[in-house]
Amino acid sequence: MNNYIEATIHEIEFKVNGEEISMTIPANLTLVELLRQELRLTGTTEGCGVGVCGCCTVLIDNKVVASCLELAVNIDGKEVLTIEGLADTYQLSEFHPLQTSFREYEGFQCGYCTPGMLISSKALLDQNPDPSDEDIREFLSENICRCTGYDSIIMAVKSAAKKMNA
Amino acid sequence: MSTQIPIIEPDRKVEKTSLIGKHVLRLDGESKVTGAVEYTDDLPFEGYYAEVIRSNVPHGEIVSISTEAAESIPGVIAVVTGEDLENADWISPYVGPAFRDQPVLAIGKVRYVGEPVAAVIAERPDIAAVASTEVVVKCKKLRSVTDVVKARKEDAPLLHESGDSAAIFEDLAMVHHSEEPNVAYAYELNVGDLEKGFEEADVVFEKNYATPMVQHVHLEPFVTIASYNAAKNSFKIVTGNQTPHFVRREVARIFGIPSSKVEVEVPQMGGAFGSKTYVRIEPLVAALSRAVKAPVKLRQTSSESFDTSVRDGTQTRVKTGVTHDGVIIAQEVEVIWDSGAYADISPRKVKKAGYTAPGAYDIPNVRVISKSTYTNKPPGVAYRGFGVAQTAWAVESHIDDVAREIGMDPVELRIRNITQDGGTYNGVGIGIHGAPQCLQAVVDEVDWFGTKLEQPSKKHIKKGRGIAVTLKTTITPSTSEAIVLLDADGSVNVITGGTEIGQGIITTLAQITADGLGIGIEYVNVNTPNTNSAPFNTSTTSSRSTFHLGNAILGAVDELKEQLVEFASEDLEIEKSDIIVEDGFVKTSVGNYSISEVVASHFVGGGGTLIGKGYFSTKEGRENRYESAFWMTGATYAEVSVDTRTGKYSIDKWVNSADCGKAIDPVRCEGQILGAAVQALGHTMSEEMVFESGQQVNKSLLDYKVPAIGDVPKESKIIIVESGDPNGPHGAKGVGESNTVTVPPAIGNAIRDACGARVRELPITPDKVLRGIEEASE
Ligand code: FES
Ligand code: FES
Chain A
22 MNNYIEATIH
32 EIEFKVNGEE
42 ISMTIPANLT
52 LVELLRQELR
62 LTGTTEGCGV
72 GVCGCCTVLI
82 DNKVVASCLE
92 LAVNIDGKEV
102 LTIEGLADTY
112 QLSEFHPLQT
122 SFREYEGFQC
132 GYCTPGMLIS
142 SKALLDQNPD
152 PSDEDIREFL
162 SENICRCTGY
172 DSIIMAVKSA
182 AKKMNA
Chain B
155 MSTQIPIIEP
165 DRKVEKTSLI
175 GKHVLRLDGE
185 SKVTGAVEYT
195 DDLPFEGYYA
205 EVIRSNVPHG
215 EIVSISTEAA
225 ESIPGVIAVV
235 TGEDLENADW
245 ISPYVGPAFR
255 DQPVLAIGKV
265 RYVGEPVAAV
275 IAERPDIAAV
285 ASTEVVVKCK
295 KLRSVTDVVK
305 ARKEDAPLLH
315 ESGDSAAIFE
325 DLAMVHHSEE
335 PNVAYAYELN
345 VGDLEKGFEE
355 ADVVFEKNYA
365 TPMVQHVHLE
375 PFVTIASYNA
385 AKNSFKIVTG
395 NQTPHFVRRE
405 VARIFGIPSS
415 KVEVEVPQMG
425 GAFGSKTYVR
435 IEPLVAALSR
445 AVKAPVKLRQ
455 TSSESFDTSV
465 RDGTQTRVKT
475 GVTHDGVIIA
485 QEVEVIWDSG
495 AYADISPRKV
505 KKAGYTAPGA
515 YDIPNVRVIS
525 KSTYTNKPPG
535 VAYRGFGVAQ
545 TAWAVESHID
555 DVAREIGMDP
565 VELRIRNITQ
575 DGGTYNGVGI
585 GIHGAPQCLQ
595 AVVDEVDWFG
605 TKLEQPSKKH
615 IKKGRGIAVT
625 LKTTITPSTS
635 EAIVLLDADG
645 SVNVITGGTE
655 IGQGIITTLA
665 QITADGLGIG
675 IEYVNVNTPN
685 TNSAPFNTST
695 TSSRSTFHLG
705 NAILGAVDEL
715 KEQLVEFASE
725 DLEIEKSDII
735 VEDGFVKTSV
745 GNYSISEVVA
755 SHFVGGGGTL
765 IGKGYFSTKE
775 GRENRYESAF
785 WMTGATYAEV
795 SVDTRTGKYS
805 IDKWVNSADC
815 GKAIDPVRCE
825 GQILGAAVQA
835 LGHTMSEEMV
845 FESGQQVNKS
855 LLDYKVPAIG
865 DVPKESKIII
875 VESGDPNGPH
885 GAKGVGESNT
895 VTVPPAIGNA
905 IRDACGARVR
915 ELPITPDKVL
925 RGIEEASE
């Protein structure tokens with residue numbers, strides 16, 4: 022019998038999008054499962070499930086993580102940012118400039134990659150407020166988009182940076 | 155009925171704002187950048203979860219399936235096998251849009267590795283997953299065939315005994331299995347006198363080209379929820395599917411119930427590209443729900459997408475007769491499709507892609523043989539480009555080969571032979587299609603005839619350039635209908651069967667509706683379909699939605715306007731001829747009224763809804779436009795650098811043009827053009843389902859590489875051509891596929907130009923380039 026079914030239970034405390042949460046979870050619950058199934062934060066999508074596509078990207082203590090590969094127990098004592106919390110990280114407008122720019126440039130089509138793409142882009146802009154095209158390509162290299170062809174994403178990230186630097 | 159309309163000053167300011175040709179923010183944008191959008195898997199669900207057990211042999215007789223161990227696991231509700239379905243009196247368990255050759259779960263036989271054989275239903279997905287490993291399937295191996303040449307030999311193992319048309323689609327009424335072993339359907343086209351054409355030609359050239367099976371890689375995998383209602387003997391199905399009305403029809407048929415008892419709802423989809431067409435996992439999930447009389451959800455993994463639907467591989471022979479001065483007078487194309495174990499929509503693919511196998515050229519003597527072949531592999535389905543991506547790889551590579559044979563510039567040869575707007579194609583009139591303009595646009599953009607590429611100083615790096623052009627049909631005949639509900643406050647709800655797969659149809663339809671009524675787009679709500687209310691729509695495929703649904707909406711808008719005129723005429727007691735609806739107003743000889751004023755004052759009781767209906771159908775016939783309701787055309791220019799020591803190459807620059815007819819929203823059109831091109835970049839450079847002993851060995855995105863952001867050419871230009879389709883809404887037509895077709899041959903041609911290597915089998919990998927360089931120097 023698989024140990025998932027009778028997995029050990031852990032108690033963890035963490036923050037998601039600023040909100041403090043404590044809960045008991047099975048040891049082998051993945052972070053994406055915790056977010057989507059337990060917390061009903063369905064903005065984070067799951068694509069490949071094997072750490073390649075970047076759909077499920079979230080930030081843990083400001084670091085980019087594929088939540089499909091991360092065990093939920095590992096966020097104990099940490100802070101997670103998902104797409105649902107992105108707008109609140111920017112105080113000057115209702116939406117994060119990345120969200121506005123992605124809309125303006127149609128940096129998405131089906132939108133399935135978009136939460137991961139936006140979260141990765143935020144991490145990029147945190148580190149590098151004025152990225153070149155090359156910096157963007159480098160940083161987003163692990164976020165797959167099957168729809169857009171990417172150029173609109175590069176334009177959107179640059180425009181967001183510009184807005185934030187203005 | 156005669157409530158008095160409040161009189162407003164006749165000179166009230168009326169502003170004309172057209173939404174056509176303008177960029178508007180996508181209506182689903184906010185939900186997509188905030189994570190609020192709901193895909194099927196995001197919806198609240200209470201019920202059971204399924205997991206599929208798949209065949210691990212390519213061809214075999216099912217001897218036994220033992221389910222006891224799985225069933226004894228706590229939390230397992232049931233295990234369902236193909237035999238269970240075969241013995242059930244509530245289902246006729248075979249499906250398919252062309253032939254009913256595919257069992258919902260394998261019955262008696264398995265025909266490919268990955269074929270669904272049984273399903274576990276459990277209280278939780280993890281329990282279903284664990285239990286599925288406890289189901290033991292015993293098969294007696296049969297001889298299998300995974301190659302289209304061997305599959306057609308007399309002694310080949312037969313995958314299917316017989317096949318008659320499913321008789322659903324008019325254009326597929328005549329399909330039947332061929333006499334030739336394992337040929338699901340053979341299409342033939344003869345124009346002029348081929349042999350005479352070859353005799354008259356100065357040069358006759360013949361070569362073979364091939365493409366492998368690839369997969370769509372929609373990032374949202376297959377997810378379906380089915381809920382059987384035992385009291386009503388009805389189903390509700392929520393699913394990511396591009397053809398909800400087909401799902402309804404097929405599910406109703408297999409359970410022997412009326413269509414009205416099958417409700418199919420399609421939320422937003424995370425990409426599809428043709429994969430989520432006709433029926434995929436819907437009949438299975440519905441059957442599971444029927445078996446346990448409870449809601450069942452199946453969410454497949456992305457690896458399982460490779461087991462579910464793929465793009466047919468092809469082997470194509472092209473023989474061309476040409477004069478010294480570059481007139482192509484005869485062409486024979488034989489394309490053999492590796493359609494996998496079940497035909498799905500392949501008969502239409504071999505027919506439609508067969509029709510345009512000669513490319514975008516007006517050739518007087520043509521013969522096309524196009525054969526869909528069963529092999530022990532996953533089923534080939536629709537994929538962006540619908541077969542033309544494969545045939546054009548052959549023909550557009552071949553045109554360059556022919557040009558070299560006669561010492562002519564390959565673009566010159568294209569220009570001399572391309573079918574003209576309003577010209578002939580395959581011997582009949584073709585109408586407006588835009589292919590010459592698309593070709594000319596890229597030629598002009600790069601000044602093809604005026605410039606020569608400068609070679610880099612490093613001797614082992616060679617630069618080259620190539621062009622390809624395409625002409626593609628859209629699904630014909632087909633039907634789209636639309637209902638536009640106009641509320642008393644002047645806002646509207648648009649109801650169609652069109653699905654949002656990322657292409658932006660919600661917003662495009664909103665633009666057409668708002669523009670038609672002259673109201674702001676913020677007053678328009680476009681619904682994702684639910685077949686209980688949405689009128690019929692053949693499919694959201696073949697880039698047909700803007701054209702067909704757009705036309706249906708224009709019809710619905712006209713009907714609304716007629717009613718507004720009638721109301722105003724009745725209520726104001728003036729002649730209908732003194733009233734027009736324009737720019738969001740009902741303009742009359744006695745004053746201008748807002749639309750809402752007319753609706754609100756006509757009805758009583760706190761509201762009222764005006765219903766506008768629009769129907770749009772196209773016919774099929776081999777005359778003029780009837781072969782295709784409109785034509786998709788486009789061209790690609792690619793510039794490459796090849797490292798002749800390693801065979802590695804980069805695409806330094808590309809230009810992609812496509813004819814939109816009229817761009818309803820230029821930004822969205824550009825998104826379609828580039829998105830199509832980049833998907834094809836993957837088909838060109840890396841994508842290939844690799845099979846060993848009938849088993850795919852790279853069934854994961856870890857091994858199956860699709861383009862990442864760094865793979866996209868840095869220098870890029872997109873050109874929107876607007877030829878104005880005479881039958882399109884505002885002249886618009888579909889634009890989602892042309893550049894999926896043109897990118898691979900443009901790059902192949904550029905590599906040939908750079909270093910002499912002619913790679914005739916996709917993908918173009920460095921080792922093939924190296925081999926090509928060797929061959930060229932021999
Ligand atoms: S779903 Fe986590 S990386 Fe693809
Ligand atoms: S928008 Fe569809 S995958 Fe990126």
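Chains A and B, in that order, are what the protein sequence lines are. Throughout the first sequence, residue numbering follows the working numbering, covering 22 to 187 in sequence. Throughout the second sequence, residue numbering follows the working numbering, covering 155 to 932 in sequence. Here a beta-carbon is modelled for each residue, glycine too, at the ideal position from N, C-alpha and C. Please read all numbers here as calculations on a predicted model, not as lab measurements.
(1) Report yes if the C-beta distance between A:D172 and B:S870 is below 8 Å; otherwise report no.
(2) Mind pulling the chain A residues with CB within less than 7 Å of B:A831?
(3) For chain A, is any of its Cβ atoms less than 8 Å away from the one on B:L452?
(4) Does the beta carbon of B:K186 come closer than 8 Å to any beta carbon on chain A?
(5) So is B:R619 in contact with chain A if we call contact Cβ pairs under 8 Å?
(6) Name the DSSP bridge partner or partners of B:I872?
(7) Are the region 875 to 892 of chain B and the region 809 to 821 of chain B in contact at 8 Å, needing three or more beta carbon pairs?
(8) Taking 7 Å as the line, does the beta carbon of A:G75 fall inside it for any heavy atom of ligand 2?
(9) Given that B:V371 touches chain A, what residues does it touch there, using C-beta distances under 7 Å?
(10) Taking the continuous beta strand (DSSP E) assigned at B:R208, which residues delimit it?
(11) Do you know how far the Cα of B:L313 is from the Cα of B:A327?
(12) Alpha carbon to alpha carbon, what distance is there between B:I901 and A:G137?
(13) Under 8 Å, do B:A710 and B:G658 count as touching if we go by C-beta distance?
(14) If you measure from the CB of A:A87, is any heavy atom of ligand 1 nearer than 7 Å?
(15) Evaluate contact between the region 123 to 142 of chain A and the region 187 to 201 of chain B, counting only Cβ atoms and requiring at least three cross-stretch pairs below 8 Å.
(16) Just how far apart, CA to CA, sit B:G947 and B:V719?
(17) Rounded to whole angstroms, how far is the Cβ of B:T894 from the Cβ of B:G539, which I believe are closer than 8 Å?
(18) Measure the C-alpha to C-alpha separation of B:V794 and B:T365 and round it to an integer number of angstroms.
(19) Along the beta strand (DSSP E) that carries B:R471, what are the first and last residues, could you check?
(20) Counting only the same chain and skipping the five closest in sequence on each side, list residues whose C-beta sits under 8 Å from that of A:K184.
(21) Report all residues from its chain with a CB closer than 6 Å to the CB of B:R779; omit the five preceding and five following residues, and keep chain order.
(22) Comparing alpha-carbon positions, which option in B:F701, B:G604, B:D563, B:S500 lies nearest B:Y341?
(23) On the DSSP bridge assignment, give the partners of B:F770 in chain order.
(24) Could you please give the first and the last residue of the uninterrupted alpha helix (DSSP H) stretch that includes B:S551?
(25) Tell me where the beta strand (DSSP E) around A:T45 begins and ends.
(26) Assign A:L146 to buried or exposed, taking buried as 16 or more other Cβ atoms, counted over all protein chains shown, within 10 Å of its Cβ.
(27) Would B:Q574 pass as an interface residue toward chain A - the criterion being a Cβ-Cβ separation below 8 Å?
(28) I'd like to know whether the C-beta of A:V73 is nearer than 8 Å to at least one C-beta of chain B.
(29) For A:R61, count neighbouring Cβ atoms within 10 angstroms of its own Cβ and tell me buried if that reaches 16, exposed if not.
(30) Would you mind sorting A:I30 into buried or exposed? The rule is 16 or more other CB atoms within 10 Å of its CB.
(31) Beta carbon of B:I707, beta carbon of B:T667: below 8 Å?
(32) Any contact between the region 227 to 238 of chain B and the region 443 to 450 of chain B? By contact I mean 3 or more CB pairs, one from each, below 8 Å.
(33) Output needed for A:N149: all residues of its chain with C-beta closer than 7 Å, excluding positions within five of it in sequence on either side, in chain order.
(34) DSSP three-state label for B:L134, please.
(35) Check whether the Cβ atoms of B:P683 and B:T662 sit closer than 8 Å, and answer yes or no.
(36) So with CB distances below 9 Å, who are the chain A contacts of B:Q933?
Judging by the given coordinates:
(1) Taking the first sequence and counting its residues from 1, the one referred to as residue 172 of chain A is at position 151. Taking the second sequence and counting its residues from 1, the one referred to as residue 870 of chain B is at position 716. Yes.
(2) Translated into the one-based positions of the second sequence, residue 831 of chain B becomes position 677. In chain order: G170.
(3) Translated into the one-based positions of the second sequence, residue 452 of chain B becomes position 298. No, because no Cβ of chain A sits closer than 8 Å to the Cβ of B:L452.
(4) In the second sequence, counting from the first residue as 1, residue 186 of chain B sits at position 32. Using a CB distance cut-off of 8 Å, B:K186 counts as an interface residue toward chain A.
(5) In the second sequence, the residue the question calls residue 619 of chain B occupies position 465. So, not an interface residue.
(6) Translated into the one-based positions of the second sequence, residue 872 of chain B becomes position 718. Paired residues: B:N810.
(7) yes
(8) What you label residue 75 of chain A is simply residue 54 of the first sequence in a count that begins at 1. It does not: the Cβ of A:G75 is nowhere closer than 7 Å to a heavy atom of ligand 2.
(9) Residue mapping note: residue 371 of chain B aligns to position 217 of the second sequence, counting from 1. By Cβ distance, chain A contributes R167.
(10) In the second sequence, residue 208 of chain B corresponds to position 54, counting from 1. Unbroken beta strand (DSSP E) run through B:R208: 202 to 208.
(11) The residue given as residue 327 of chain B occupies position 173 in the second sequence. The residue given as residue 313 of chain B occupies position 159 in the second sequence. Approximately 22 Å between the Cα atoms of the pair.
(12) Position 116 of the first sequence, counted from the first residue, corresponds to residue 137 of chain A. Position 747 of the second sequence, counted from the first residue, corresponds to residue 901 of chain B. If you take the alpha carbons of A:G137 and B:I901, they lie about 31 Å apart.
(13) Stepping through the second sequence from its first residue, residue 710 of chain B is reached at position 556. Stepping through the second sequence from its first residue, residue 658 of chain B is reached at position 504. Result no, Cβ atoms of B:A710 and B:G658 do not sit closer than 8 Å.
(14) On the first sequence, residue 87 of chain A is found 66 positions in, with the first residue counted as 1. Checking every heavy atom of ligand 1 against the Cβ of A:A87, one is found closer than 7 Å.
(15) yes
(16) This structure leaves residue 947 of chain B out entirely; chain B is present only between 155 and 932.
(17) As a first step, residue 894 of chain B is located in the second sequence; it is residue number 740 there, counting from the start. As a first step, residue 539 of chain B is located in the second sequence; it is residue number 385 there, counting from the start. At roughly 4 Å, the Cβ-Cβ gap stays under 8 Å, so B:T894 and B:G539 are in contact.
(18) Start at 1 with the first residue of the second sequence, and residue 794 of chain B comes out as number 640. Start at 1 with the first residue of the second sequence, and residue 365 of chain B comes out as number 211. Taking the straight line from one Cα to the other gives about 21 Å.
(19) One-based indexing of the second sequence puts residue 471 of chain B at position 317. Run containing B:R471: 467 to 476, per the beta strand (DSSP E) assignment.
(20) The sequence position of residue 184 of chain A within the first sequence is 163, counting from 1. Same-chain partners within the cutoff: P118, T121, S122.
(21) What you label residue 779 of chain B is simply residue 625 of the second sequence in a count that begins at 1. A caution first: B:R779 carries a pLDDT of 47, below 50, which makes its placement in the model too unreliable to give a value.
(22) Sequence index remark: in the second sequence, residue 341 of chain B carries index 187 (1-based). If we check each option's Cα against that of B:Y341, B:S500 comes out closest.
(23) Sequence index remark: in the second sequence, residue 770 of chain B carries index 616 (1-based). B:F770 pairs with B:S634.
(24) In the second sequence, the residue the question calls residue 551 of chain B occupies position 397. Unbroken alpha helix (DSSP H) run through B:S551: 542 to 559.
(25) Indexing the first sequence from 1 puts residue 45 of chain A at position 24. It spans 40 to 47 - the beta strand (DSSP E) in which A:T45 sits, taken as one unbroken run.
(26) As a first step, residue 146 of chain A must be located in the first sequence, where it is residue number 125. Buried, by the Cβ-count rule.
(27) Taking the second sequence and counting its residues from 1, the one referred to as residue 574 of chain B is at position 420. No, B:Q574 does not count as interfacial toward chain A.
(28) The residue labelled residue 73 of chain A in the question sits at position 52 within the first sequence. Residue-level contact by beta carbon holds for A:V73 and chain B, with a gap shorter than 8 Å.
(29) Your numbering for residue 61 of chain A matches position 40 in the first sequence. The residue is exposed, with fewer than 16 neighbouring Cβ atoms inside 10 Å.
(30) Counted from its first residue, the first sequence places residue 30 of chain A at position 9. Exposed, because fewer than 16 other Cβ atoms sit within 10 Å of the Cβ of A:I30.
(31) Looking up residue 707 of chain B in the second sequence gives position 553. Looking up residue 667 of chain B in the second sequence gives position 513. Taking the C-beta atoms as reference points, B:T667 is found nearer than 8 Å to B:I707.
(32) yes
(33) Residue mapping note: residue 149 of chain A aligns to position 128 of the first sequence, counting from 1. Counting only Cβ-Cβ distances below 7 Å, and skipping sequence neighbours, we find D156.
(34) The question about residue 134 of chain B has no answer here: the residues shown for chain B are numbered 155 through 932.
(35) Residue numbering aside, residue 683 of chain B sits at position 529 when the second sequence is read from its first letter. Residue numbering aside, residue 662 of chain B sits at position 508 when the second sequence is read from its first letter. Cβ atoms of B:P683 and B:T662: not closer than 8 Å.
(36) Residue 933 of chain B lies beyond the stretch modelled for chain B, which goes from 155 to 932, so this question has no answer here.
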